[in-house]
Amino acid sequence: MPKGYHDRVAFVDLSTGRIWYESYGEGFWRRYLGGRALAAYLLLKHVPKGADPMGPENALVFAPGVLTGTPISGSGRNTVAAKSPLTGGYGDAEGGGFFGAELKNAGLDALVVLGQAESPVYLHVEGGEVAIHPASHLWGKDPLEVEALIKEAHGGNTRIAQIGLAGENGVLTANVIHDLAHFAGRGGLGAVMGAKRLKAVSARARKETLPPYHDPALLKELARRMAKERMERAAGLVTMGTVGTVKPFNLRGVLPSHNFLDGFLEGAEALDGTSLDALGIRIGRDTCYACAIRCKQVVRIEGTGKYDVRPEYGGPEYEGLGALGSTCGVTDPYAVTKANTLCNQYGLDVIGVGVTLACAMEAVEKGYLDDEGLGLRFGNGDALIAAIEKLARKEGRLGALLALGARRLAEAIGHPELAMHVKGQEVPMHDPRYKRALGVGYAVSPTGADHNHNLHDTAFAKEGKALKELRFYGEDFPPLPIEDLSETKIRMLWTKTRERGFVNSLVLCDFVPWTPEEWQEAVYAATGWRLTPEEMLAVGERTLQLTRLFNLREGLSPEEDRLPERFFQPFRRGHLEARLDPVAFREGVLAYRRLAGWEGGVDPGRLAALGLEEFQNALA
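Add 62 to a position in the sequence shown, counting from 1, and you land on the number used in my numbering.
Spelled out as structure tokens, the structure:
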């Protein structure tokens, strides 16, 4: 058995109740590592062409990585993947917290859920075995209560991934909740889980099911190193997390506002972390498994009645403050915090919900959509909260439309131009008029718009850590202006997206500032493998090639590599010089495709070079 692994993937067919296990051998694990690369492989193998994302033929994958569950910071994450009901193509998201580490340390390298149960169930993993349990008593209950009941059944140290009300109701922006306050947010994976009538997956580790490691002492040394150097390396994340970026983005005039019409919003500084602290809303920070950074927000609001929130469901990060706040024109921190907590409690992707509601607000203001007396207008925090309640329950015609996500909502009312999405997935809170290579990255992303496996142009505009680390892979990249979209910038993007694919296969958190050399050290400590920079990028490229194949097979045309027309227009208010030229953008997309071998589908020679020959006929 390879070090760092159990060489054990569990398959559960909920339609028949059959459970079986597969082993793949050391060569396989070195090629894929885990996480995103493994999930892409398993979906392409086990989801038939044309499968209904909400039907029994879809597969739902929980895939830790080779470093998941090790003692180093950032190792608490796992990939959740399926054919996405939002895009109709490959969908995945990463969840933090503790569940991923517990799943790995409970004896599995991955869990693949097939079929569809007749009535609600949950799965429990312990001792390397999976068991199916009835869950009708859990269906409809809040995550806090579900967590308590499953822990009562299996022990207090059990960790749980579950869906909330939105996943049960098939809302297409539903997510998968990890440990109450962490989320595999994008792609509508909670809706897939709900369609399978799978309420939760729980896991409990035992000492005898911990994977063996090649050099445990080196893993502990890496853990000590980050703990010791965390303030030097990541002071902003340690002290503030991501919530300190609202005010700077607004001052630059690039904070997504009013459904991306504007880059500046009067009063948005009230949503910044410093304001949340001054108001007493942010009461602390939480962490994930083994992580010294502690960047997660903990909030509490008491005594207001309608805005009161409990701390167990976590707090807003930058993406939530932007999507539910500025994008919807809402600057009341109490209303935005309440809206964020409702999304967390109901199991909703804050980006997907916020951008969908911003689309609806614009549609209502232009007379294209009946808001059923809700007052759904930009800036109305109470209407924002009421709309989330309707969306989660699919209540009335408005709730049913909102539950479809931005693209389908806009198409249903005859105004697709109002939906800010790529391939059906709503755009995150980083505007491509400002970060232009990131915009190309949105367009070519296999999952639709996503900022987490992308290049952020601001990091490469001057000499520093980001450029130094990118040069690790062999090209002496120079600093380039933020607005640059040259071939060199696109080569940066190509290298960065492959690196992101590698890190998302380890699986490690983006917010822990490990260096590429330390990733090498960590993989060696876990497995004994000394990966070269070329091997690291090859793992990342496998994620890109397999997911591209999946999307082409499912009918996602290369024409889907595009952005909404709004991003080629200047902001009405904000950084007026931040403009994305459509010709330069299109040339950037074509240049990326050339680098990826995607000019005529997927290059068979590239597949062969990556050891993916078994997928040569995937498009036949």
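The beta-carbon is built from N, C-alpha and C at its ideal position, and this holds for glycine as well. Being a predicted model, the structure only gives us computed values, none of them experimental.
The beta strand (DSSP E) spanning residue i covers which residue range?
i	result
R469	Premise fails: R469 lies in the alpha helix (DSSP H), 468-474, not in any beta strand (DSSP E).
F245	244-246
L122	122-125
Q224	221-224
H240	238-240
V263	260-266
Alpha carbon to alpha carbon, what distance is there between residue j and residue i?
i	j	result
D433	G153	30 Å
N514	G79	36 Å
V651	E374	42 Å
T132	L281	7 Å
V175	A646	43 Å
A454	R268	37 Å
K485	G501	13 Å
F73	G218	26 Å
N120	P273	29 Å
G335	G384	12 Å
S264	D643	48 Å
G435	F160	42 Å
K400	I475	28 Å
A308	K290	One point to set straight first is that residue 308 is Val, not Ala, in the sequence displayed. Near 28 Å, if we compare the C-alpha coordinates of K290 and V308.
L104	Q178	18 Å
P620	W556	17 Å
G443	Y275	51 Å
T189	T594	The sequence as given places Gly at residue 189; Thr does not occur at that position. Cα to Cα, G189 sits roughly 34 Å from T594.
G377	P490	18 Å
A246	R292	25 Å
H320	R70	48 Å
P318	R495	10 Å
G97	F564	9 Å
A279	E580	14 Å
E331	D546	29 Å
Mind checking which residues open and close the alpha helix (DSSP H) that includes residue i?
i	result
N613	595-615
N514	Neither: N514 is in no alpha helix (DSSP H) and is coded neither H nor E.
E374	From DSSP, E374 is part of no alpha helix (DSSP H); its letter is neither H nor E.
K524	From DSSP, K524 is part of no alpha helix (DSSP H); its letter is neither H nor E.
L463	458-464
A296	278-301
L657	644-658
Q582	578-589
H216	205-216
S567	549-568
E230	227-230
V254	251-257
P666	666-671
N321	Note, N321: premise wrong, no alpha helix (DSSP H); not H, not E.
Thinking just about the alpha-carbon of each residue, which of the options is nearest to the one in residue i?
i	options	result
R510	A385, N613, G232, R668	It should be pointed out that residue 510 corresponds to Gly in this sequence rather than to Arg. For the residues A385, N613, G232, R668, the minimum Cα distance to G510 belongs to N613.
G437	Y430, A445, L431	A445
N516	A72, F311, T559, G536	T559
K261	G602, E328, P378, L76	L76
A422	Y396, L410, G391	G391
R641	F539, G315, R248	G315
E191	A210, L129, R266	R266
R592	H68, Y86, R92	R92
N679	Y67, G96, G66, L106	L106
D241	P196, I222, A163, G250	I222
E364	L341, A352, K456, L200	L341
M554	S567, I194, G662, P540	P540
G300	G329, T349, N321	Contrary to the premise, residue 300 reads as Val rather than Gly in this sequence. Out of G329, T349, N321, T349 has the C-alpha closest to the C-alpha of V300.
L170	E639, F124, G150, A462	F124
With 16 as the cutoff for other CB atoms within 10 Å, does residue i come out buried or exposed?
i	result
Q582	buried
G414	buried
H492	buried
W82	exposed
A670	exposed
Q487	buried
L465	According to the sequence displayed, residue 465 carries Ala and not Leu. It is buried - the Cβ of A465 has at least 16 other Cβ atoms within 10 Å.
P310	exposed
S85	exposed
Using 7 Å as the cut-off, classify the Cβ of residue i as near or not near the heavy atoms of the ligand NAP, replying yes or no.
i	result
D572	Absence of the ligand NAP is noted for the structure shown, with no ligands found whatsoever.
Does residue i have its Cβ less than 8 Å from a Cβ in chain C?
i	result
L260	Among the protein chains of the structure shown there is no chain C, as only one such chain exists.
4-residue-minimum alpha helix (DSSP H) runs that sit fully inside the segment 69-106, ordered along the chain: With a minimum length of 4 residues, the unbroken runs of alpha helix (DSSP H) contained wholly in the segment 69-106 fall at 88-94.
My parser needs the alpha helix (DSSP H) runs of 4 or more residues fully inside the segment 411-447; what are they?
Listed in chain order, the complete alpha helix (DSSP H) runs (minimum 4 residues) inside the segment 411-447 are 412-427.
- Message: Quick check for students: name the residue ranges of the alpha helix (DSSP H) that lie wholly in the segment 138-196, counting only runs of 4 or more.
- Response: DSSP runs (the alpha helix (DSSP H)) wholly in the segment 138-196: 161-167.
Exercise for review: Could you tell me which uninterrupted beta strand (DSSP E) segments, each at least 3 residues in length, are contained entirely in the segment 336-401, listed from first to last along the chain?
Suggested key: Whole beta strand (DSSP E) segments, 3+ residues: 344-348, 358-361.
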